[in-house]
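Taking it in order: structure first as structure tokens, then the write-up.
Residue numbers (this note's numbering): 4 to 66.
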């Protein structure tokens with residue numbers, strides 16, 4: 004498995020899990036925006052967390 008795991012946590016308690024090849028680039032892009040659009044819905048980013056499991060992964064929590 005290549006890349007870093009990112010879990011997008013939606014307000015309805017579901018999530019989308021993806022592998023991202025360049026986590027630094029993704030985090031930089033997320034700093035530039037307040038809202039992310041997915042399947043015709045827009046979500047405000049509440050916070051971003053690093054989860055210290057094995058392997059380490061990133062959680063992006065939406066409001």
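No residue lacks a Cβ here, since even glycine has one placed at the ideal position from N, Cα and C.
### Task
Within the same chain, show all residues whose beta-carbon is closer than 6 Å to that of residue 52, passing over the 5 residues directly before and after it, in chain order.
62
### Query
Among residues of its own chain, excluding the 5 on either side of residue 60, which ones have a beta-carbon nearer than 6 Å to its beta-carbon?
8 and 54
### Query
If you draw a straight line from the C-alpha of residue 16 to the C-alpha of residue 58, how long is it?
23 Å
### Query
Which residues mark the beginning and the end of the beta strand (DSSP E) in which residue 24 is found?
Premise fails: residue 24 is in no beta strand (DSSP E) and is neither H nor E.
### Task
Let me know the secondary structure DSSP gives residue 13 once reduced to three states.
coil
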